[in-house]
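Top to bottom, those sequences are chains A and B.
FYI, the numbering for the first sequence is 0 to 453, going by numbering that gives the first Met the number 0.
FYI, the numbering for the second sequence is 0 to 333, going by numbering that gives the first Met the number 0.
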Amino acid sequence: MDPLILSRIQFGANISFHILFPTITIALGWVLLFFKLRYNATSDGAWMRAYFTWVKVFALSFAMGVVTGVTMSFQFGTNWPGYMETVGNVAGPLLAYEILTAFFLEAAFLGIMLFGFRRVSNRIHTLATVLVAGGTTVSAFWIIALNSWMQTPTGFEMRDGVAHAVDWWAIVFNPSMPYRLVHMLLASGLTVSFFIAGLSALRYLQGDRSQSMWKALRTGTFLAAVLIPIQIFAGDQHGLNTLEHQPAKIAAMEANWHTGPNIPLVLFALPDEKAKENRFEITIPDGASLILRHSADGVVPGLDQFEGNHPPVFPVFWGFRIMVGIGLLMLAVSWAATFFLWRRKSLPRPLALLMVPMTVSGWVATLAGWYTTEIGRQPWLVTGVLKTADAVGPVAGSHVALTLAIYLILYAVLLVAFLGVLVHLALKAAKEGDTSPLPGVMNAALSQPAQSER
Amino acid sequence: MTLDWPTLLPLVFAGLMGLSILIYVVLDGFDLGIGILFSLAEDKEQDTMIAAIGPFWDANETWLVLAVGLLLVAFPVAHGIILTALYIPVFLLLVGLILRGVAFDFRAKVPAGRKHRWNRVFFAGSLIASLAQGYMLGVYVLGLDASFAGMAFGALVALCLAAAYAAMGAAWLIYKTEGELQKKAVKWLRSALVFTVVGMAAVSLATPFASPRIFAKWFVLPDMIYLSPLPILSGILFLWLWRQTFHLPKESDRHAIVPFLTLAGIFALGFAGLAWSFYPFVVPDRLTIWQAASAPESLAIILAGTVVVLPVIVFYSFYAYRVFGGKAGDLTYD
Chain A
0 MDPLILSRIQ FGANISFHIL FPTITIALGW VLLFFKLRYN ATSDGAWMRA
50 YFTWVKVFAL SFAMGVVTGV TMSFQFGTNW PGYMETVGNV AGPLLAYEIL
100 TAFFLEAAFL GIMLFGFRRV SNRIHTLATV LVAGGTTVSA FWIIALNSWM
150 QTPTGFEMRD GVAHAVDWWA IVFNPSMPYR LVHMLLASGL TVSFFIAGLS
200 ALRYLQGDRS QSMWKALRTG TFLAAVLIPI QIFAGDQHGL NTLEHQPAKI
250 AAMEANWHTG PNIPLVLFAL PDEKAKENRF EITIPDGASL ILRHSADGVV
300 PGLDQFEGNH PPVFPVFWGF RIMVGIGLLM LAVSWAATFF LWRRKSLPRP
350 LALLMVPMTV SGWVATLAGW YTTEIGRQPW LVTGVLKTAD AVGPVAGSHV
400 ALTLAIYLIL YAVLLVAFLG VLVHLALKAA KEGDTSPLPG VMNAALSQPA
450 QSER
Chain B
0 MTLDWPTLLP LVFAGLMGLS ILIYVVLDGF DLGIGILFSL AEDKEQDTMI
50 AAIGPFWDAN ETWLVLAVGL LLVAFPVAHG IILTALYIPV FLLLVGLILR
100 GVAFDFRAKV PAGRKHRWNR VFFAGSLIAS LAQGYMLGVY VLGLDASFAG
150 MAFGALVALC LAAAYAAMGA AWLIYKTEGE LQKKAVKWLR SALVFTVVGM
200 AAVSLATPFA SPRIFAKWFV LPDMIYLSPL PILSGILFLW LWRQTFHLPK
250 ESDRHAIVPF LTLAGIFALG FAGLAWSFYP FVVPDRLTIW QAASAPESLA
300 IILAGTVVVL PVIVFYSFYA YRVFGGKAGD LTYD
C-alpha cells in the first residue's frame, strides 16, 4: 500500500489514542484540586476519598498520555520529515516551549502529587496539585497554538520554500487559536465530568450510597450541566470563525455542494463525492444559511468553489454530526440528572443506567470533533503552505504497514486494560464506601517516614 | 570561525542536546536497568524496586522528550534523516517505552491476580527499550550503516547498553534499598559491570576504525595527549568500582550513592569521547550542525526560553529528588 495513506493512518491512530488521555488529565487535575480544596475547607473525609479514588485515574491517564506523546515526538521525524523541514522554524519553538514550560513541570510535581502526601506539608501538596494541573493546561495552550497555526497560519514569510517566523504574537495567537483552545478545554472538562458522573453512577447502581460517591456524582453531573451550554455556544463561535478562515471545511461539514443563498441544513445524508451530491438527504430548509449567516438568504460557500482542493466530504460531514449529536445528548442527560440530584436528592435507575455508557461520551465527541477539524484541513498539512503528500518520508510502505499493525494491536489491548482498571477501581470504591482508611492531613511536613512506620 | 550568532547558536544547541541526552541516559538508565533486573527479583523486592523509581521515572523520561525535541526543533533536517534511517529500532524503542510506562501504573491498580502479568510487561518493556537504544547507538556510531556488519555491531552494543543500564539500576538500588535486596544489588552490579566494560571498549575501538576522519581526530599528536585522560580516567573508575563491589555495603551504609555517581561519571566520560568523535557532525560524515540547523531567529527565541526555564527545571527536579530521598519504602497514594 501507499506509504502516504499508511503514514496518515498511523499518525491518525497514534494521535487519536494519545488525545484520549490528555483530554482526561487537563481537566481532571483541576477537579482534583477542587476535591482537595473542599477538603481543606470542610475537613470532610469524603472529599479526600473522592480525591484518592480519582488521583489513581489521573496517574494512569498521565502515564498513558506521556508514553503515547513520546511516540508522537519521534513520528514527526520517522514519518513526516517534510513537515519540520518546511515549517520547523515556526513549529520548533512552539514545541520546545511546550516541553520546557509544561512537560517538566508536570512530570516533576506529579511524583509529589501522587506519592508525596505524607512527605510534604498539606500546603505544598496542594501547590503540587496546582502546578500539575497548570502544567497540563499550559501544555494544551502550546500544542493548540501550533495546531491552530497549521489551520490558519499567520505571522510568517516564506524564503526559499521554508517558513520563517516574523511575528511570534501573530503566530501563537493566530485567528483560530483562541476559539480552538476554549473549545478543547471545555471538551476536556466535559469528558472528565462524564467520566466522574458515569463511574459514580456505576457505584450507585452497585448499591453504594457513601458520601464520597454522592460527592463525586454531584461534582461530575453539575460540572457537565454547567459546561455543556457554554460548549455549545463556544462551538458555534468556533464554527463561524472557521467559516471566515477555512470556508472549504465548512462546505464539507455541511455537505453543501453549491454556493448560494437559502442553503438548507442537512440532518442526514450519504455524501457522494463522485456524483457531487447527497443521497438519502433529510434537510431543514434555509437551516445552514440561518446558522452560518443568521439570515435565511445568507450566501453559504459550497464545495464547487474549491474544486479539487477541498477535504473529503463524508468523514468531515459525519464527524461533525456525531460530535453535535453527542453534545445534545450530553445536554439532555446532564440537565435531567441535575434536576433529580438537586430537587429530588436521588437518581432514577434508568437515568443511572444511561449515564454508565455515557462515561466515554466525551472521548467519542472529542475524537469526532478532531476528525472534523483535522480531516477538514486536508489536502493541506499547513493550510496554503504545505500539502500532506509533500511531507511524507522516504520509508517503505511495508515498514509503515508492519509498525501500524503492531501499534493498533497494542493500543487496542491498552484501551481495554485502561477501561477495565477504571471499572475495577469504581467497583472497589463502591465496595469500600466510606470505610477505607484515611491518612491524617497535617499542615506540617511529616519527616521522612521511618521504615518501621509502614 | 567567526563568533556570530549564526555560528554560535547551533553550537549551543548541540551542547544542550548532548547534555539532555546524557542526563536522560543516566537518569532513565537506572529506571530501565531496574526494569531489566526485575526478572531476577522476588515479588516483595519488586515492590521496593518500583518504589525506588516510581516518583522519578516520568521526569526522567521527559529528558528524552527534550533531547528529541531539541533535535527536532534545532536540527530538523537531521531529525528526519536519522529517524527515517532508524525507523524500526525507533519503533521498538517506542513500544518498549509504552509498555514500560503503562506497566508501572497498571501493576499497582489491577486486581491482585493480574499483577504478575504487568510485572512481566514491565521487564519486557524496559529490556526492549534498552536494547533498541543500544542498537541505535551502534548503528549511529558506524555512520547509520545498514549492512550486516553494522547490524551485528548494533546487536553487540544493544546487549552491552542493556548491561550498562542494569549496572546503573543496581547502583541506584544500592543507594535506595537496604538489607537482602541491597546485597543482591551489589552482586548484580558486579556482573553487569563486566558487560559494560566490553561495550564501552567495543564502541571506543569501533568508532575510530569505522571512520578515517574520527581516527585522525584521536590519533594525532598533540591531541592524543590532551584526550588521553578520557580513557585512562574511565579505566581507573571502572577498576575502583569493581573493587568496591567486594566491600559494599559499607558500615552503617555510608556513601551508598557513590557507586551510582561513579557510574554516572563513567557514562559522562564515554559520552564526552563520542561527542569529540562526531563533532561537528550531527549526521555522521554527512551533515554538520550548521548545515542542519534551523533559522537563527527561531533558535534565539528557544534559547531565550531555555536560559530562563532550565535552571528552574533543575531546581525543582532536585527538590523532587530531595522529597523522596532516603531509602525507598512502600509507595502509596497517601
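Ideal Cβ positions, reconstructed from N, Cα and C, are used throughout, including at glycine.
C-alpha gap between residue i and residue j, whole angstroms
i         : j         : result
Leu-15/B  : Tyr-164/B : 22 Å
Leu-145/A : Phe-55/B  : 29 Å
Pro-88/B  : Ala-390/A : 22 Å
Thr-195/B : Leu-260/B : 15 Å
Leu-5/A   : Leu-403/A : 8 Å
Ala-444/A : Gly-115/A : Any reading at Ala-444/A must be qualified, since the residue scores a pLDDT of 38, below 50, and its modelled position is unreliable; no value is offered.
Val-140/B : Pro-211/B : 13 Å
Ile-231/B : Met-223/B : 12 Å
Gly-198/B : Leu-93/B  : 23 Å
Tyr-297/B : Lys-248/A : It is Ser, not Tyr, that sits at residue 297/B in the sequence shown. Near 31 Å, if we compare the C-alpha coordinates of Lys-248/A and Ser-297/B.
Gly-238/A : Leu-291/A : 8 Å
Gly-368/A : Phe-319/A : 6 Å
Leu-269/A : Val-415/A : 32 Å
Thr-72/B  : Ala-162/A : According to the sequence provided, residue 72/B is Val. The question's Thr does not apply to it. Cα to Cα, Val-72/B sits roughly 13 Å from Ala-162/A.
Thr-244/B : Leu-302/B : 43 Å
Glu-452/A : Trp-79/A  : Residue placement at Glu-452/A is flagged as unreliable, the pLDDT there being 33, under the threshold of 50; the coordinate-derived value follows with that caveat. If I take the Cα positions, the gap works out to 53 Å.
Val-119/A : Gly-44/A  : 19 Å
Asn-255/A : Asp-285/A : 12 Å
CB contact below 8 Å: residue i versus chain A
i         : result
Ala-319/B : yes
Phe-29/B  : no
Phe-90/B  : yes
Tyr-23/B  : no
Ile-97/B  : yes
Thr-305/B : yes
Ile-87/B  : yes
Ile-312/B : yes
Trp-4/B   : no
Thr-47/B  : no
Val-64/B  : yes
Gly-68/B  : yes
Residues that residue i contacts on chain A, provided the C-beta gap is smaller than 7 Å
i         : result
Ser-297/B : Asn-88, Gly-91, Pro-92, Ala-164
Gly-100/B : Ala-62, Val-65, Val-66
Proximal residues of chain B, C-beta to C-beta of residue i below 9 Å
i         : result
Pro-80/A  : Pro-75, Val-76, His-78, Gly-79, Ile-80, Leu-82, Thr-83
Lys-55/A  : Asp-104, Ala-107, Lys-108, Tyr-332
Ile-405/A : Phe-90, Val-94
Which residues DSSP lists as bridging residue i, in chain order
i         : result
Leu-264/A : Ile-283/A
Phe-280/B : Thr-287/B
Ala-164/A : Phe-155/A
Asp-271/A : Glu-276/A
Gly-259/A : Val-299/A
Leu-385/A : Val-381/A
Residue i at chain B interface by Cβ criterion, 8 Å
i         : result
Met-83/A  : yes
Met-63/A  : yes
Trp-167/A : yes
Gly-115/A : yes
Thr-67/A  : yes
Phe-155/A : no
Ser-72/A  : yes
Ile-77/A  : Looking at the sequence provided, one finds Thr at residue 77/A rather than Ile. True, the Cβ-Cβ gap to chain B drops below 8 Å.
Phe-194/A : no
Arg-118/A : yes
Interface flag, residue i vs chain C, CB-CB below 8 Å
i       : result
Leu-3/A : No chain C appears in the structure shown, which is made up of the protein chains A and B.
Beta-carbon neighbours of residue i, restricted to chain B and to distances below 8 Å
i         : result
Gly-110/A : Gly-53, Pro-54, Phe-55, Asp-57, Ala-58, Ala-319, Val-322, Phe-323
Thr-402/A : Tyr-86, Ile-87, Phe-90
Amino acids of chain A, ordered along the chain, whose beta-carbon sits closer than 9 Å to that of residue i
i         : result
Ile-301/B : Gly-91, Pro-92, Ala-95, Tyr-96, Leu-99
Tyr-315/B : Phe-103, Leu-104, Ala-107, Phe-108, Leu-130
Cross-chain neighbours of residue i in chain A, by beta carbon under 8 Å
i         : result
Ser-293/B : Gly-87, Asn-88, Gly-91
Ser-383/B : Outside the displayed span of chain B (0 to 333) sits residue 383/B, for which this structure offers no information.
8 Å Cβ shell around residue i - same chain, five flanking residues per side excluded
i         : result
Thr-305/B : Leu-15
Phe-33/A  : Thr-218
Cβ-based neighbour list, residue i, same chain, cut-off 7 Å, excluding 5 preceding and 5 following
i         : result
Met-441/A : A caution first: Met-441/A carries a pLDDT of 41, below 50, which makes its placement in the model unreliable, though a value can still be read off. Around Met-441/A: Asn-121.
Chain-ordered neighbours of residue i on chain B, where CB pairs are closer than 7 Å
i         : result
Gly-392/A : Gly-79, Thr-83
His-398/A : Tyr-86, Ile-87
Cβ-heavy atom distance, residue i to the ligand COA, below 7 Å
i         : result
Leu-109/A : Of ligands this structure carries none, so the ligand COA is not represented either.
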